[in-house]
Structures are given as C-alpha cells and as structure tokens.
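Chemist:
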Amino acid sequence: MTAAAIARRRLGLSGYAICLAGIAARELLRLVHQRERFLAALVRPLVWLFIFAAGFRNVLGVSIIPPYETYVLYEVYVTPGLAVMIQLFNGMQSSLSMVYDREVGSMRVLLTSPFPRWSLLFAKLVAGVAVSLIQVYVFLAVAGLMEVDVPPAGYLSALPAFMLAGLMLGAIGLFLSSLVRQLENFASVMNFVIFPMFFASSALYPLWRIRESSEPLYLVCLANPFTHAVELVRHALYGSFEPTAFTVAAATTVAFFILAALAYDPGRGLMARRGGPKEEAQ
Amino acid sequence: MGAGLSVMSSESAEPAVAGAAGPALEIRGVSHWFGARQALADVSLTVPQGRFVALLGPNGAGKTTLFSLVTRLYGTTTGAILIFGHDLNRAPSLALAELGVVFQARTLDQDLTVRQNLAYHAALHGMAGGEARARIEGLLARIGLFDRADDKVRTLSGGQARRVEIARALVHFPRLLLLDEPAVGLDLAARAGIVALVRALVRDEGLSALWATHLFDEIEPQDGVFLLHHARIIARGEAGEIAAASAGSLEAAFRALTDSNPGGEA
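Sequence order for the protein chains is A and B.
Counting in our numbering, the first sequence runs without a single skipped number right up to 283 at its last residue.
Counting in our numbering, the second sequence runs without a single skipped number right up to 694 at its last residue.
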C-alpha cells in the first residue's frame, strides 16, 4: 500500500472517531492527574452554596416562579446557576489552556493532525464538556447530600441541558482563546468575561427582582447568554423545557463555534496576524 | 546535493534535485509578514528524499516562522509549500500525513506516561488498536526507552524526553521529519545522542529530515545547508563546500556571508 493510500484509509470516518476519542481521553487523563484543579472547580460553587447562599437565605426570598411549584429555599434557587458556573470556569479554563498550549506548543502538535481543523476544535470542545459534566454531577451529588434536593428524574432530564450549556460556554472560550495573544491576558478574561457573565445573569437572583431595581440591568441580563444557559438547566432539572433559553443557547453555540473555526483557520489569517513567534514578529 | 556553493540572489530558483523521485519538501518563493514586519522574504528550499538537510540561522532569522508555515499553523499566502508533491494549501491532509514534527518547545504531557503520549499522537492521526500498539512498541525499542514506556514523562531526563518526541513524530509513518532546534538546552552527550539518532533514521530508514539549528557542530560536511539570515536564504549548498571558502570552517563562512548580507528590514 502506498503512503498516500495509508493516509487516505486513516483519514476516513473511523479515523475521525479515533481522533476524537484520543483527544477526549487525553483531557480525562489530565483531569485524573490534576486533582487540585478538579477540587478547585468543586470547592468554588460549594463555598457559594453553603456560605453565600446560607447567609442570604433570609434576606432574599424567592417567590413561586416557574419551574418551581412551591416556595424554595435560596440554596435551591442558586444551585442550577452554580452548576453552570462550574461549566463557565471550565470553558474559560480550557481557553486558558489553549493559549498556554499554543505558547508551549502542544496546541501546535494538535494542529499538525491531518484532520480538518474545525473537527479538531470540535473534538477539543466535546472533551472539555465531558470533563465539565463530571464536575457538575459531583457538585450536584454533594449538594444533594446537603439537602438541596432535585427531583431524581431531574438529574437525567438536565443532562442534555448541561451538555448544551457546556458546548456554549466552551465555544465562547474557544473563540476568546483565538483573540488572547498572551497568557497574561487571561486575568482580563476573568474580569471582563467571567464575572460580568455570572453576576449579570439569573444565576443569583430571579430576573423579576433585577427588573424591580434596574430596567437597563434587566435588559443586560436578558441579553446575556449565560442567563439562558442557567434557565435552560433550571427548567430541565424540574422536567420542563424552556424554548427561548434553548434557542438562545443553541444559536450562541453555533455562532461562537463558527467564529472560533474561522479564527483558527490558517487560510483566514487571524492566527497568522496574531500568533507570530516573539523575536520574529516584533 | 549536487549544486555547488552559490550565494543566491533571492529571485533564483532552487536547482532541480537529482533522481526520479520528487523532493520530500519543496518550499517555493515563500514570503510572510507579521503586520509590516517581514519575517520571511522569498524563501526557497528543498529537502531531497533520504537526505539530512540543515536550516542554519541565528535566533530571530525566521526559522520558527518557516516551521509554522510548513506545519500549517498559518496559511501560506505568497509562494507554495509541497510535501511529497502535496500542496499544503490545496491538499493539507495528505501533506500533513507525510510530516512528523519535533517542535522547539517541549510539547509532551508531563503527567502522562510515555506510552500515553504516543497513543494520543497516534489517535490524532487516526491510528488505534493493534496497529498503533505495534508501531509504538517498535519505536520505543528504536529509541532505547522500551523499559520507560509506563513512566511519566516528568521523570525522564531532557535527552530522553527529546527521544520520545522524535518517536512521537514518527508514530504515523511520516517520510519527512521536521526538527526545530531539537538539541538546544541538552548537555553535550545528550545532544550528540539526538543528532546520531536522527542521522541513523535518515540512513537506515530513508527518512528525509530538515533540521533547524544555530549550532555549527551539529552539521556534517556532506549535509545540505541553507543559511537563513534576516528572513532571507543567503547561501545554499553542501556544508563542506560552503566551509571550503573559509578554510574549512562553516562558522567563519557563515560570519563572512552574514557580514556581506547585513539584511535588516526587507
């Protein structure tokens, strides 16, 4: 068999599947080896849940709004938002690791794969979502032990919602990673992306409460895709489907993934303009 | 390389390579800009099949930019790059399938074992199962690290990690190996070991190698050499013939050539 024939055989559909599985396996192996990262991702929402939410439960009452059928404790209200916060950090952290990978070179190794570049980015995205799902369900299990109950069927019905939320936040992170040229800039991603997305959303307080205090802020929250990811998950946990949230989350995912694929396409030149080696590109 | 020493003007094309087989790597008139700064100016370069070719140039000459183009991190907008006849812009998958790369930066996953690192790379090229396992075993034996296969990369010495990176670059049976300053930062013995390993691969297995370096002692007289200076190829030929012009010292020849080509902004 000639080399070209060998190459063609490996580049078929099964080759794609092997490549995707390989990228996902690497992310999972790295997760196993970086237990601190796993714990940090878990501690953050738990601190919010058991300190912040417990402190505020008497200050912030949450009236009966869909999908809830009774008054709920504040802890119960914030749990979906905190679960999606795990995915927000995860998505941004994998964007951090992409910038880091690009500097030290393992991203370059990935990009020498003969498979189409968008499919490599998609594999990377799916692998990141798989990792975030593990973190989310461990968080929900701990929250469940602490009597933040979700209907048992809710854990299952929320799975597709968590998948979409993870894809959306990962796609946003992927796109940001193509814009951030140097690793140090990640601090500004924290300040200008993670914090505004989290706080200007329905994660910590229902939108009608925000509207009472500020109409413009309400509109900002409504335009924030993170709000829709949280609402999609919140409804799914209680077995209901929120079409608006689904549409916004799906559209945001597709839009940011296309932008990221364009940014990483060598023919489009965004990488070429931004990513020169330091001493040769000054 | 049959062509004698020639200090080429930038318009000149590379002389045709002897033999019926086309070159492993052919770079034709490639230029690249980062904004207004020209990193490569009309660079042409050929690696014939089965040869060890050195790309010699000081840091900042454009070696890493050239490697970024050949590995398709950026698209080639001016000129063309062909790997075994496959145009990198028109048939990137076929071109990349023939290419193995050792990057300047260390790119192994430190917390994964040697075998896991190689298996990951096999998957990136669509290889898994018995085929991948057999290939990885064979390469581990070839680089003399069979007994370290299940150790974490973190526990390897710098030279051993470099050998693993060379093995990784070869997992998918490429016929062209690209190495960007692979021996930099290693002690003398490890450096010599890496150079010897790559030369043995070229000799025994008919691989073609492009070896970027700024160290003259890694080059032997019969190697093809391209001198890259200030984004341009300022000389090409066999190392021995280039050195002959300066009493057999490649370093002195390089000094003389760079002094007569001050370069600067193109």
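Glycine included, each C-beta is placed from N, C-alpha and C at the ideal position.
Computed from a predicted structure; not experimentally measured.
With 8 Å as the C-beta to C-beta threshold (strictly closer), list the residues of the region 106-120 of chain A near chain B in chain order.
Modeler: Gly106, Ser107, Arg109, Val110, Leu111, Leu112, Thr113, Ser114, Pro115, Phe116, Pro117
Chemist: Could you name the residues of the region 517-528 of chain B whose beta carbon sits closer than 9 Å to any beta carbon of chain A, in the order they occur along the chain?
Modeler: Answer set for the region 517-528 of chain B: Asn517, Pro520, Ser521, Leu522, Ala523, Leu524, Ala525, Glu526, Leu527, Gly528.
Chemist: Counting only C-beta atoms, is aspartate 632 of chain B closer than 7 Å to chain A at any point?
Modeler: Numbered from its first residue, the second sequence carries residue 632 of chain B at position 204. Taking Cβ atoms only, chain A never reaches closer than 7 Å to aspartate 632 of chain B, which makes this a no.
Chemist: Which runs of the beta strand (DSSP E) fall wholly inside the region 577-636 of chain B and span at least 3 residues, in chain order?
Modeler: 604-608
Chemist: Anything in chain A within Cβ reach of leucine 556 of chain B, meaning under 8 Å, just list it in chain order.
Modeler: On the second sequence, residue 556 of chain B is found 128 positions in, with the first residue counted as 1. The amino acid at residue 556 of chain B is misidentified as leucine; the sequence shows alanine. Result: Ile19, Ala22, Gly23.
Chemist: Looking at glycine 586 of chain B and aspartate 614 of chain B, is the spacing between their C-beta atoms short of 7 Å?
Modeler: By one-based count along the second sequence, residue 614 of chain B stands at place 186. By one-based count along the second sequence, residue 586 of chain B stands at place 158. It is leucine, not aspartate, that sits at residue 614 of chain B in the sequence shown. Yes, the pair counts as a contact, with Cβ atoms nearer than the cut-off.
Chemist: My output table needs one value for histidine 642 of chain B: the three-state DSSP class, helix, strand or coil.
Modeler: Walking along the second sequence from the start, residue 642 of chain B turns up at place 214. If DSSP states are grouped into helix, strand and coil, histidine 642 of chain B belongs with coil.
Chemist: Say whether chain A places a C-beta atom closer than 7 Å to the C-beta of threonine 583 of chain B.
Modeler: Position 155 of the second sequence holds residue 583 of chain B. Cβ-Cβ to chain A under 7 Å: no for threonine 583 of chain B.
Chemist: Measuring CA to CA, which of A:Pro117, A:Pro207, A:Ser202 is closest to tyrosine 75 of chain A?
Modeler: Here residue 75 of chain A is taken as the residue at index 74 of the first sequence, counted from 1. Looking only at A:Pro117, A:Pro207, A:Ser202, the smallest Cα-Cα distance to tyrosine 75 of chain A is reached by A:Pro207.
Chemist: Histidine 236 of chain A touches chain B at which residues, Cβ-Cβ below 8 Å?
Modeler: Position 235 of the first sequence holds residue 236 of chain A. Simply none; closest approach about 37 Å.
Chemist: Taking only beta-carbon positions, decide if threonine 499 of chain B is within less than 7 Å of chain A.
Modeler: Numbered from its first residue, the second sequence carries residue 499 of chain B at position 71. Cβ-Cβ to chain A under 7 Å: yes for threonine 499 of chain B.
Chemist: If you follow the alpha helix (DSSP H) that alanine 128 of chain A is in, where does it begin and where does it stop?
Modeler: For the purposes of this step, residue 128 of chain A is taken as the residue at position 127 of the first sequence. Alanine 128 of chain A -> alpha helix (DSSP H) spans 118-146.
Chemist: Which residues of chain B have a Cβ atom closer than 7 Å to the Cβ of glycine 16 of chain A, listed in chain order?
Modeler: Against the first sequence, residue 16 of chain A aligns to sequence position 15. The answer, in chain order, is Gly554.
Chemist: Counting only beta-carbon atoms, is arginine 11 of chain A nearer than 7 Å to chain B?
Modeler: Here the question's residue 11 of chain A lines up with position 10 in the first sequence. Yes, its Cβ sits closer than 7 Å to a Cβ of chain B.
Chemist: Near methionine 2 of chain A, what residues of its chain come up, given a Cβ to Cβ distance below 6 Å and the 5 sequence neighbours on each side ignored?
Modeler: Locating residue 2 of chain A in the first sequence gives position 1, where the first residue counts as 1. Reliability fails at methionine 2 of chain A, whose pLDDT of 46 lies under 50, so the model's placement of it is uncertain and no value is given.
Chemist: Between the region 25-50 of chain A and chain B, which residues of the former have a C-beta closer than 8 Å to a C-beta of the latter?
Modeler: Ala26, Arg27, Leu30, Arg31, His34, Gln35
Chemist: To the nearest angstrom, how far is the alpha carbon of arginine 31 of chain A from that of glutamate 669 of chain B?
Modeler: For this step, residue 31 of chain A is matched to residue 30 along the first sequence. For this step, residue 669 of chain B is matched to residue 241 along the second sequence. In a straight line, the C-alpha of arginine 31 of chain A is about 50 Å away from that of glutamate 669 of chain B.
Chemist: With 16 as the cutoff for other CB atoms within 10 Å, does asparagine 225 of chain A come out buried or exposed?
Modeler: Translated into positions along the first sequence, residue 225 of chain A becomes position 224. With 16 or more other Cβ atoms within 10 Å, it is buried.
Chemist: How do the region 205-224 of chain A and the region 133-152 of chain A stand: do at least 3 beta-carbon pairs fall below 8 Å, yes or no?
Modeler: no
Chemist: Suppose you measure from the CA of leucine 635 of chain B to the CA of isoleucine 622 of chain B; what does that come to, to the nearest Å?
Modeler: Locating residue 635 of chain B in the second sequence gives position 207, where the first residue counts as 1. Locating residue 622 of chain B in the second sequence gives position 194, where the first residue counts as 1. If I take the Cα positions, the gap works out to 15 Å.
Chemist: Within 10 angstroms of the Cβ of proline 217 of chain A, are there 16 or more other Cβ atoms? Answer buried if so, exposed if not.
Modeler: The residue given as residue 217 of chain A occupies position 216 in the first sequence. With fewer than 16 other Cβ atoms within 10 Å, it is exposed.
Chemist: Sorted by chain position, which residues of the same chain lie with C-beta nearer than 6 Å to valine 181 of chain A's C-beta, five sequence neighbours on each side aside?
Modeler: Here residue 181 of chain A is taken as the residue at index 180 of the first sequence, counted from 1. Around valine 181 of chain A: Val100.
Chemist: Any beta-carbon of chain A closer than 7 Å to the one on glycine 432 of chain B?
Modeler: In the second sequence, counting from the first residue as 1, residue 432 of chain B sits at position 4. With a pLDDT of only 41 at glycine 432 of chain B, under 50, the local geometry of the prediction cannot be trusted, and the value read off the model is given with reservation. Not one chain A Cβ lies under 7 Å of glycine 432 of chain B.
Chemist: Keeping to the same chain, check which residues put their C-beta closer than 8 Å to that of glutamine 538 of chain B; ignore five residues upstream and five downstream.
Modeler: Along the second sequence, read from residue 1 onward, the residue named residue 538 of chain B stands at position 110. Answer for glutamine 538 of chain B: Lys580, Val581, Arg582, listed in chain order.
Chemist: How many angstroms separate the CA atom of leucine 536 of chain B from the CA atom of alanine 597 of chain B?
Modeler: The residue you call residue 536 of chain B lines up with position 108 of the second sequence. The residue you call residue 597 of chain B lines up with position 169 of the second sequence. Their backbone Cα atoms lie some 11 Å apart in a straight line.
Chemist: Give me the residue from B:Pro476, B:Leu453, B:Gly485, B:Ala452 with the minimum Cα distance to leucine 468 of chain B.
Modeler: The residue labelled residue 468 of chain B in the question sits at position 40 within the second sequence. Ranking B:Pro476, B:Leu453, B:Gly485, B:Ala452 by Cα distance to leucine 468 of chain B puts B:Gly485 first.
Chemist: Please check if any C-beta of chain B sits within less than 7 Å of the C-beta of proline 161 of chain A.
Modeler: Taking the first residue of the first sequence as position 1, residue 161 of chain A is located at position 160. False, the Cβ-Cβ gap to chain B never drops below 7 Å.
Chemist: Rounded to the nearest angstrom, what separates methionine 169 of chain A and alanine 250 of chain A at their Cα positions?
Modeler: Along the first sequence, read from residue 1 onward, the residue named residue 169 of chain A stands at position 168. Along the first sequence, read from residue 1 onward, the residue named residue 250 of chain A stands at position 249. Looking at the two C-alpha atoms, the distance is approximately 6 Å.
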